[in-house]
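Worksheet for the structure shown next.
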Amino acid sequence: MFKVKTVLLITALVTAVAVVVLALLGTNSAKQAYAAPTIVIDAGHGGTDGGVTGAESRVTEAEINLAISFMLEEELISRGFNTVKTRTSEGTAAIVTGEKQQDMEKRKATILSAVPDAVISIHCNKFPSSERRGAQVFFNPHSENGKTLAARLQDSLNILNIVEVGRGFSSLGGDYYILNCSAYPSAIVECGFLSNAEDEKLLLSEDYRKKLVKAIADGLEKFLYVDFMKAR
Ligand SMILES: [Zn+2]
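Under numbering that gives the first Met the number 0, the sequence shown has 8 at position 9, and the numbering climbs by one with no breaks.
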């Protein structure tokens, strides 16, 4: 009797260990099949184009976007991603002049030469009503991949939105150059509203920026390792 029990116990243990090992192998093989994905990180605005300005601190969006982009890069590299940035300084992405068109074309060229698995464009939002808050993701409605990527990012960011704003949001379709300029899965992450004092405080906080980049990285991983593997 004792022996039967022991055998059953050992069988149960071996099965449990096998289940865990197989689950881990599954995740790892998904990651290995998609080893070192390349992500373009686009810090919106820069140089003479500061983007929107913080109502209280007068901080420019360009400044915040750049800081968050560097933090996102660090986070993604720590997770085994390759990264390419369209802007690495306070100047515009354009080489010679600060003209917007040239700046955007330079960003497009960076994206095309990177041949990325995804493009994440970092921005901050503004709305006439100062009540409006939260992180909001945009996609090109003509891109299925972009839509899926945006939904994953929005789901992940909604964990923060629920804590800070009390509710989550849906990702939105939009007509933006950075989303339309390539066929790679692309999303704009509007990290919060600089027209809202509480969001502005969060966007200036190192701690909140860390949470933001982790949420973006989590959403990206789900897109690459879950959606991509399903689509194969
Ligand atoms: Zn912007």
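A virtual CB, placed ideally from N, CA and C, is assigned to each residue, including glycine.
Because the structure is a prediction, the values reported are computed rather than measured.
- Around the Cβ of Val114, a 10 Å sphere holds fewer than 16 other Cβ atoms; the residue is exposed.
- In the DSSP assignment, Ser185 falls outside any alpha helix (DSSP H) and within the unbroken beta strand (DSSP E) covering Ser185 to Phe192.
- Note on geometry: alpha-carbon atoms of Glu74 and Leu178 lie some 23 Å from one another.
- CA-CA distance, Ala216 to Leu71, rounds to 7 Å.
- Here Ala66 has Arg208 as same chain residues with Cβ atoms under 8 Å from its own Cβ, once five neighbours each way along the sequence are excluded.
- Using a 10 angstroms sphere on the CB of His141, the tally of other CB atoms stays under 16, which defines it as exposed.
- Look at Gly50: its beta carbon is less than 7 Å from one of the heavy atoms in ligand 1.
- The stretch 104–136 is shown to contain no whole alpha helix (DSSP H) run of 4 or more residues.
- Linking Lys107 to Gly191 through their CA atoms gives a straight-line distance of about 24 Å.
- Under the Cβ criterion (8 Å, minimum of three pairs), the stretch 131–141 does not count as touching the stretch 47–67.
- Around the beta carbon of Glu220, 16 or more other beta carbons lie within 10 angstroms, which makes this residue buried.
- Measuring C-alpha to C-alpha distances from Pro184 to each of Leu111, Asn160, Gln100 and Asp116 identifies Asp116 as the nearest.
- As computed with DSSP, Asp226 is found in no beta bridge at all.
- Counting only residues of its own chain and dropping the five nearest sequence neighbours on each side, Val39 has a CB closer than 6 Å to the CB of Val83, Ile110, Ala113, Pro115 and Val118.
- Here the alpha carbon of Ala150 sits roughly 16 Å from the alpha carbon of Ile161.
- If you ignore the 5 residues before and after Phe168, its C-beta comes within less than 7 Å of the C-beta of Gly133, Gln135, Gln153, Asn157 and Asn160, all in its own chain and listed in chain order.
- With fewer than 16 neighbouring CB atoms inside 10 Å of its own CB, Asp174 falls in the exposed class.
- Excluding the 5 residues flanking it on each side, Tyr176 has same chain C-beta neighbours closer than 6 Å at Met103, in chain order.
- Annotation: Glu98 to Asn124 spans about 22 Å, alpha carbon to alpha carbon.
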